[in-house]
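See the structure below:
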């Protein structure tokens, strides 16, 4: 799998994270999160976010999202989500499953983003009576599934809308690090200061083996999260090894270093792609539109990536991982630049 | 946490498993189980079990059990389980959750074991009509929650009963290694040869960081397991790191070495405990009955363990981990021997 | 089906109820419970129970029970119920279904009754940790499945236990009328005054076509009941016809007249059965123990009834309906008296 | 509630149906559908549909739809439905609930209709992988929520698409009678001959108190429907009274007489409305677009009806019930004709 730009899920783990695992691997430790690593999470993430938080480690992003939403939304409830969101398209109905059947209400939006206007329309189209599912949350993805990044004021506007309607605001932050690295803002500015209630903080794509954190900014929202996590079989017995990954990510800035590197390499690809680009490159994902012959040529040159969008659209997604070899990126950048000048 | 006999969940991971993780941590690998490690599991476990198998890694034993049962039992179905089984008492209703509400029908039995006679009674007490939940499976735990081990003929007798009634047979093998090590039989003899349909093969308690395998002996039973796993958020993106743990466990016999060591140390404790013993020591768990003063003395000497059984019963559980220091065991053995002669 | 003593479910509806249906069958009425009949229920049942109530009509007893429990118990919760209760044995898992998988914790008890002592034992046997289902309610059946009736002080004692542990108290009152008629107490004395939180008030077995009412004595408990009812497809569009049945039952005492008649006839059977009786006859159900030959003779004489209890126990259940012909009862009484003197 | 055009749910029941209830109300009958009425349903509907069928009575249309879909679609499955369908907009998530969380995939379409082209697009937009919900069924509404009627060839085209993709075809026939009456075709032509697998046959809106039938044209599809119905608390104990309503509807053609009358009156309104009409009037529903002043004038004249469509669209729905007084219709027709000439 050289020249693999399929997903940041194909990456290995950071050496620092492996080292943290090895360091935690000595002697007994209390099980189920009562260990010395897990019990530090609230404080460490609290400092990171400059706010009191309640942090719950899980091992997949889908678990983080679906459990967070299940805590916010009852079985007869509904969540507004972008029609291209991961929770909608890539989780095999986990949000429905974890919530006991709550519905996702799909909202269109360019660049993978929700807007207050689009949410307003969707809300109006789903009037609340005893005959209808009851909207209770909005979820957005940061960075979005199209590699764009919500600015703090965009989130604040969505949050204002949500609060008015009594909806909680959840952020799927599978690539939250890439968003923070891009904006060079604080984690606080992108979350609770902008009105976010719960964040799925992703580490797996960004250098962990398998570690995500559900971060509640309002302890009152936590409710029965712990029971739901256990019941969904996501309370790991040797939790120290997930928590140690999370600590290794955030305690000395590894999460931002990894993300910044991936972003920078993606930006290089974006510059090379130029007019082929479908969306602004803001995180570690690059979306291009090309014709079938062009994409075939890239693949013939050994680059692996996914087609994107509707069949036949000619869109393709190029994802740069935290550990992407620079050679890969240089080669792809050259190939993209060459492509630009030569449609088939 | 020195002298910790609370659970094999408090143990660290084997150095061999850590090494396997490190070895797998190079370059990109396909995500979601399409990697070079995961795709070898069927063959490797097939050799181990001398049978065609379909193997699905997950990261918790509760996930393995609840997903396996959900595949075997519809929402309106029911599973016979020992009243003290982990699925009944320690999974916060995960079997109900994963199955969409199927019921566990509790069956009593000494030594933590189901018997055909007890199952027959339970079956008769739950007649099948359109007004009742529909029995579809039996689950047993190997080694049991009381540290005893089912012999192949005991399992075969349960399986014969199950087959007659159209019930599938699942084994919660969180400590399957300890059972195999104790009996010195083959994995085949304890599973499909005795009529087992699906096994939750545990590695976490036995030296892994977090890795369990659901092993189907009949491919036709697999059905929609993969979709259920994904939907329950148990399909890890970087699955290679779970699969690598499983391979490191079974490929060169580590699983049996670890289990045999723990068993041997537990046996030493059992001999020391003598008349205090509640159950035969067959795996890595030792159950004693003592008075409150005796248990307090053990704790005062630094030994950590759980009370067991009904409140005030004076029963206690001592679990030996694969990495239990011999010193701990020697000290506890001495303390138990001393206790025997001196009730308070 | 002459001489049918199988169930009060086999009975027809009272002429008064049919008349009420006919009377309600004129012109348009608002749908979904916003009609002139349904909107009177709170007031009418409020007078009956001498308490502010919120009343929700449904068309089956199983719906009443399962929806009531789903409102009181979260998916990871549990409800203590007698091991022979209808919710346990005759609802095909509806309580699990409606609640999203909450568990029923079975409690033994003679005469079909729960006691504080048995509940205390069951509670102690289900300690509450993050690994276990969380007890949230107790449900009892009035009159019980064995035809006995809880006295107000028995209920109050159970309620005291429940309150101490933070459990809600639900009563399956499929035969609540028979209990009130037997005790000649007020509905209030058997419910909120004794600490009952929610009652499934049965009318179907007692002369309605299909009408049950879920009665909340504490409006705060209602929570999302209406949404759950709708979602479970139990909000009837032409609700007036269910509500009209309920009004016809309770507004002029029909419910007590019907129940009193059935009770009196059952008592006559009980006296005839004498030593064959398994339980005191307090409602409209008579349980006898006889040998196979005796039961065969009854059936040969045209009496229809169900065997009861474990297979081969020789127990049988004789249910007297509100409209049971007196001739049937006289004939059965004579047959029972004859039986007493002549075991086969 | 004079001049009520809000819904056919506000109508009373046909005298014939009341008479059938009264006729069935004599003496005991076996409970739970084992009675003389219920056991005739398969044969009677079999003759009506000229095909072997399995018929299951329930008391609400939502139950019929959601239970039918739950039988066809697993929890991780999905159903294509028109974005304006009753299952989507008016059942509070019952399809999700009954199925254990399966998803509705929304499809646009003018006149309330699905088309193969729109389904093809929707199918392509939901590619099937282990990460996605699995399409298993298509549901359409007949007559549609906009009062239009699918022709047999339109259904056949949808069915051809469905079969190719392995999807079952369900029809929500809450107003199936109106569709048959409009087309003057046979029930067979609109169902199994056109490839329909399961039909929710509605009677409640068309003159029953509360009676719907789930009709399976392929016995193999029935699967576990009966257990699902029981578990959802929709197996009525005194089922004879639901079945008697269904028999009274179909045995002598009442269902078509009622529907034909309502259709004819609706057509009269449609002619009066002329250019105000949004959709062809084919069943018993009339949709008009007017300005706010015009709608206010209608309401001031005592006509009751619902606004329809997005807020401020000026659309309104006028539903004619089977028992709508002709005077109401004449008055409304006159008012509509007057309106046409005088926008405010």
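Protein chains in written order, with the working numbering: chain A, 6 to 349; chain B, 6 to 349; chain C, 6 to 349; chain D, 6 to 349.
Just so it is clear, CB atoms sit at the ideal spot from N, CA and C, and this is done for glycine as well.
Please check if any C-beta of chain B sits within less than 8 Å of the C-beta of residue i.
i             : result
residue 23/A  : yes
residue 242/A : yes
residue 232/A : yes
residue 68/C  : no
residue 235/D : yes
residue 97/A  : yes
Determine, for residue i, whether the minimum Cβ-Cβ distance to residues of chain A falls below 8 Å.
i             : result
residue 35/B  : yes
residue 177/D : no
residue 283/D : no
residue 108/D : yes
residue 80/C  : yes
Thinking C-beta only, is residue j closer than 8 Å to residue i?
i             : j             : result
residue 106/B : residue 106/C : yes
residue 324/B : residue 268/B : no
residue 84/C  : residue 125/C : no
residue 245/D : residue 64/D  : no
residue 201/C : residue 242/C : no
residue 294/C : residue 331/C : no
residue 58/B  : residue 70/B  : no
residue 259/C : residue 212/C : yes
residue 102/D : residue 170/C : no
From the beta carbon of residue i, is the nearest beta carbon of chain C less than 8 Å away?
i             : result
residue 289/D : no
residue 137/B : yes
residue 11/A  : no
residue 129/B : yes
residue 105/A : yes
Helix, strand or coil: how does DSSP classify residue i here?
i             : result
residue 8/B   : coil
residue 332/B : helix
residue 205/B : strand
residue 55/D  : coil
residue 100/D : helix
residue 189/A : coil
residue 181/D : helix
residue 91/A  : helix
residue 166/D : helix
residue 140/A : strand
residue 342/C : helix
residue 296/A : coil
residue 134/D : coil
residue 308/A : coil
With a threshold of 7 Å on Cβ separation, who are the neighbours of residue i within its own chain once the five nearest residues in sequence on each side are excluded?
i             : result
residue 56/A  : 193, 197 and 222
residue 338/D : 273, 274 and 277
residue 329/C : 267 and 270
Skipping 5 residues on each side, what residues in its chain have a beta carbon closer than 8 Å to that of residue i?
i             : result
residue 159/A : 118 and 120
residue 334/B : 270, 273, 274 and 325
residue 99/D  : 67, 68, 70, 71 and 92
If I measure Cβ to Cβ from residue i and keep anything under 6 Å in the same chain, skipping five residues before and after, which residues do I get?
i             : result
residue 255/C : 53
Residue i CB to nearest chain D CB: under 8 Å?
i            : result
residue 17/C : yes
task = Note down, one range per segment and in chain order, each alpha helix (DSSP H) of at least 4 residues found wholly within the segment 28 to 76 of chain D.
result = 46 to 54
request  = Entirely within the segment 206 to 275 of chain D and at least 4 residues each: give me those alpha helix (DSSP H) ranges in chain order.
outcome  = 224 to 227, 230 to 236 and 245 to 255
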